[in-house]
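Presented below is the structure to which this report refers.
Residue numbers (the working numbering): 8 to 231.
This is the structure in structure tokens:
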């Protein structure tokens, strides 16, 4: 009986929290910086920046073109006219294009998305290199793209309301929301390394203080 009690006391001493839990454990979970997460986000942001720059270039071409060729207009109107009883003429679409150019909707969106795409591109590279400036630059670019993209798309939508009808009206209205949602999601992804504690710990630089996770058991012991 005495030997069993002695063995039991040895087991209890070996399994005590102070001896089994390492000092680098927070709440029973090992503290580990996350380098993979920011790099994955950086690759997604890089692809997003390419798409943003492509859209910016397309808007610049639309603003630069005084008139659209008849072949292009026919191609653009073929599907909407086949799905609606109200036919949109080539003259109406040309007038829409002229009004959109005069409102500066295309050029505002082109410049804004161009700046946004460049900043997101640079920020994605810095984020991949685990630099703290990366998420900040990308988030700033996404914010610029959100404001300029939605504003420019709204100006284009107003021009479509005055000249177009049917499915094309819905298309340009949806584009306003689509641009806003895409840039918001881009900004949310860009900000993740600044929000997630493990990702913040992996980022290098002096832009913000490194995160230090504290073991709650150690806090309780110090208070006692």
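All residues carry an ideal CB built from backbone N, CA and C; glycine is no exception.
Classified as exposed, residue 93 has fewer than 16 neighbouring CB atoms from the shown chains inside 10 Å of its CB. Linking residue 83 to residue 109 through their CA atoms gives a straight-line distance of about 21 Å.
Within the same chain, and ignoring the five residues on either side of residue 87 in sequence, the residues whose Cβ sits closer than 7 Å to its Cβ are 95, 173, 174 and 175.
The beta-bridge partner set that DSSP reports for residue 39 is empty. For residue 103 against residue 155, the beta-carbon gap comes to about 21 Å, at or over 8 Å, which does not count as contact. Residue pairing by DSSP puts residue 138 in a beta bridge opposite 211.
Closest option to residue 90, judged by alpha-carbon separation, among 178, 189 and 209: 178. Residue 130 sits in a helix when the DSSP states are folded into three classes.
In the DSSP assignment, residue 79 falls within the alpha helix (DSSP H) that extends over 77-89. Separation of residue 135 and residue 157 (C-alpha to C-alpha, rounded to the nearest whole angstrom) is 28 Å.
Distance from the Cα of residue 114 is smallest, within the candidate group 131, 77 and 163, for 163. Sixteen is the threshold: since fewer than 16 other Cβ atoms of the shown chains lie within 10 Å of the Cβ of residue 71, the residue is exposed. One alpha carbon belongs to residue 48, the other to residue 137, and they sit about 11 Å apart.
Sequence-distant Cβ neighbours of residue 149 in its own chain, meaning closer than 7 Å and more than five residues away, are 123, 127, 190, 193, 194 and 197. Per the coordinates, the alpha-carbon of residue 78 lies some 21 Å from the alpha-carbon of residue 64.
Here the alpha carbons of residue 199 and residue 143 stand approximately 10 Å from one another.
When DSSP states are grouped into helix, strand and coil, residue 94 belongs to the coil group.
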